[in-house]
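Shown next, in C-alpha coordinates, is the structure this report addresses.
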Amino acid sequence: MSLRDQILNSNDIPKELVKVKEWNIEIEVRGMTGAERTRILDLAQAGDGMNLQMVYPEIVISTAFDAETGEKIFNPEDRTALLSKSANALDALATVGMRLSGFLAETSNDLGKDSSETVIEDSSSN
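Under the numbering used here, residues 279 to 404 are what the sequence shown spells out, in order.
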(Lines of atoms letter the chains of each structure in order from A; the text may use other names.)
(Lines give C-alpha, C1' and ligand atoms only; values in the text may rest on other atoms or scores of the structure.)
Protein backbone atom coordinates (compact mmCIF):
# COMPACT_ATOMS: atom_id res chain seq x y z
CA MET A 279 0.00 0.00 0.00
CA SER A 280 1.36 3.43 -0.93
CA LEU A 281 1.86 6.14 1.68
CA ARG A 282 -0.97 8.12 0.04
CA ASP A 283 -3.35 5.15 0.30
CA GLN A 284 -2.27 4.51 3.87
CA ILE A 285 -3.06 8.12 4.84
CA LEU A 286 -6.36 8.30 2.95
CA ASN A 287 -7.53 4.97 4.39
CA SER A 288 -6.52 5.67 7.99
CA ASN A 289 -9.15 6.10 10.69
CA ASP A 290 -7.74 9.36 12.04
CA ILE A 291 -10.73 11.03 13.71
CA PRO A 292 -10.24 10.97 17.50
CA LYS A 293 -13.19 10.34 19.80
CA GLU A 294 -14.04 10.41 23.50
CA LEU A 295 -16.98 9.43 25.65
CA VAL A 296 -18.34 12.40 27.57
CA LYS A 297 -20.57 11.84 30.57
CA VAL A 298 -23.13 14.64 30.63
CA LYS A 299 -24.45 14.65 34.19
CA GLU A 300 -27.24 17.13 33.44
CA TRP A 301 -28.75 14.69 30.93
CA ASN A 302 -27.64 11.47 32.68
CA ILE A 303 -26.11 10.09 29.47
CA GLU A 304 -22.79 9.45 27.76
CA ILE A 305 -22.21 10.96 24.35
CA GLU A 306 -19.45 10.07 21.94
CA VAL A 307 -17.70 13.26 20.87
CA ARG A 308 -15.59 13.05 17.72
CA GLY A 309 -13.10 15.42 16.22
CA MET A 310 -14.20 17.25 13.09
CA THR A 311 -13.11 16.51 9.57
CA GLY A 312 -11.09 19.17 7.79
CA ALA A 313 -14.22 20.32 5.93
CA GLU A 314 -16.28 20.64 9.13
CA ARG A 315 -13.53 22.54 10.92
CA THR A 316 -13.12 24.96 8.02
CA ARG A 317 -16.90 25.58 7.96
CA ILE A 318 -16.90 26.32 11.72
CA LEU A 319 -13.90 28.67 11.35
CA ASP A 320 -15.72 30.51 8.56
CA LEU A 321 -18.81 30.87 10.79
CA ALA A 322 -16.70 32.06 13.70
CA GLN A 323 -15.05 34.78 11.65
CA ALA A 324 -18.18 36.01 9.87
CA GLY A 325 -19.13 39.57 10.74
CA ASP A 326 -17.37 41.80 13.26
CA GLY A 327 -16.20 39.11 15.66
CA MET A 328 -16.71 35.60 16.92
CA ASN A 329 -20.39 34.70 17.13
CA LEU A 330 -20.46 32.19 20.00
CA GLN A 331 -24.24 31.88 19.75
CA MET A 332 -23.67 30.39 16.30
CA VAL A 333 -20.39 28.57 16.88
CA TYR A 334 -21.04 26.65 20.13
CA PRO A 335 -24.13 24.80 18.93
CA GLU A 336 -22.47 24.16 15.56
CA ILE A 337 -19.56 22.48 17.33
CA VAL A 338 -21.95 20.28 19.31
CA ILE A 339 -23.98 19.48 16.18
CA SER A 340 -20.80 18.53 14.30
CA THR A 341 -19.17 16.45 17.02
CA ALA A 342 -21.89 14.71 19.10
CA PHE A 343 -22.64 11.09 18.20
CA ASP A 344 -24.70 8.29 19.71
CA ALA A 345 -22.10 6.00 21.29
CA GLU A 346 -24.18 2.89 20.54
CA THR A 347 -25.22 3.53 16.93
CA GLY A 348 -22.48 5.88 15.73
CA GLU A 349 -25.14 8.22 14.30
CA LYS A 350 -25.02 12.01 14.66
CA ILE A 351 -27.36 13.09 17.43
CA PHE A 352 -28.22 16.62 16.30
CA ASN A 353 -28.83 18.38 13.01
CA PRO A 354 -28.65 22.08 12.08
CA GLU A 355 -32.35 22.54 12.84
CA ASP A 356 -31.56 21.79 16.50
CA ARG A 357 -29.38 24.91 16.93
CA THR A 358 -32.02 27.02 18.73
CA ALA A 359 -33.18 24.11 20.89
CA LEU A 360 -29.59 23.40 21.94
CA LEU A 361 -29.14 27.00 23.04
CA SER A 362 -32.01 26.49 25.51
CA LYS A 363 -30.21 23.55 27.18
CA SER A 364 -27.78 23.61 30.10
CA ALA A 365 -24.75 25.83 29.49
CA ASN A 366 -22.64 23.37 31.50
CA ALA A 367 -23.70 20.45 29.31
CA LEU A 368 -23.07 22.36 26.09
CA ASP A 369 -19.73 23.61 27.38
CA ALA A 370 -18.61 20.08 28.29
CA LEU A 371 -19.45 18.78 24.80
CA ALA A 372 -18.14 21.80 22.89
CA THR A 373 -14.87 21.88 24.84
CA VAL A 374 -14.09 18.25 24.04
CA GLY A 375 -15.20 18.73 20.42
CA MET A 376 -12.93 21.75 20.05
CA ARG A 377 -9.95 19.99 21.62
CA LEU A 378 -10.39 16.88 19.46
CA SER A 379 -10.65 19.13 16.39
CA GLY A 380 -7.47 21.07 17.11
CA PHE A 381 -9.08 24.29 18.32
CA LEU A 382 -7.62 23.99 21.82
CA ALA A 383 -4.08 23.08 22.80
CA GLU A 384 -3.90 19.86 24.75
CA THR A 385 -2.79 20.17 28.33
CA SER A 386 0.25 18.33 29.59
CA ASN A 387 -2.13 16.04 31.55
CA ASP A 388 -3.67 14.84 28.27
CA LEU A 389 -0.41 14.11 26.46
CA GLY A 390 0.08 10.41 25.79
CA LYS A 391 -3.49 9.55 26.76
CA ASP A 392 -5.55 7.37 24.42
CA SER A 393 -8.41 9.73 23.59
CA SER A 394 -10.82 6.87 22.93
CA GLU A 395 -10.70 5.96 26.64
CA THR A 396 -11.20 9.39 28.20
CA VAL A 397 -14.39 10.20 30.05
CA ILE A 398 -15.03 13.86 30.85
CA GLU A 399 -17.36 14.70 33.69
CA ASP A 400 -19.13 17.97 34.31
CA SER A 401 -17.03 20.21 36.57
CA SER A 402 -20.02 22.08 38.02
CA SER A 403 -20.28 19.59 40.89
CA ASN A 404 -17.04 20.92 42.43
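Ideal placement from N, C-alpha and C gives every residue a C-beta, glycine not left out.
Could you give the DSSP three-state label for residue i: helix, strand or coil?
i: I305; result: strand
What span of residues does the alpha helix (DSSP H) with residue i cover, start to end?
i: E336; result: 330-341
i: L382; result: Looking at the DSSP string, L382 is not in any alpha helix (DSSP H), and its letter there is neither H nor E.
i: D320; result: 312-323
i: D283; result: 281-286
From the DSSP secondary-structure annotation, give me the bridge partner or partners of residue i.
i: E294; result: V307
i: K363; result: According to DSSP, which records beta bridges pairwise, K363 is partnered with nothing at all.
i: K299; result: None; K299 has no bridge partner.
Given residue i, which residues of its chain have a CB within under 8 angstroms of its CB, disregarding the five upstream and five downstream residues?
i: K391; result: Confidence at K391 is low in this model, with a pLDDT of 48, below 50, so its placement is unreliable and no value can be given for it.
i: K250; result: This structure cannot settle anything about residue 250, because the visible part of the chain is limited to 279 through 404.
i: M279; result: N287
Cβ pair count under 8 angstroms reaching 3, the region 329-346 against the region 305-321:
yes
The region 289-307 contacting the region 353-368, beta-carbon criterion three pairs below 8 angstroms
yes
Does the structure place the region 372-382 close enough to the region 304-320 that three or more beta carbon pairs sit under 8 angstroms?
yes
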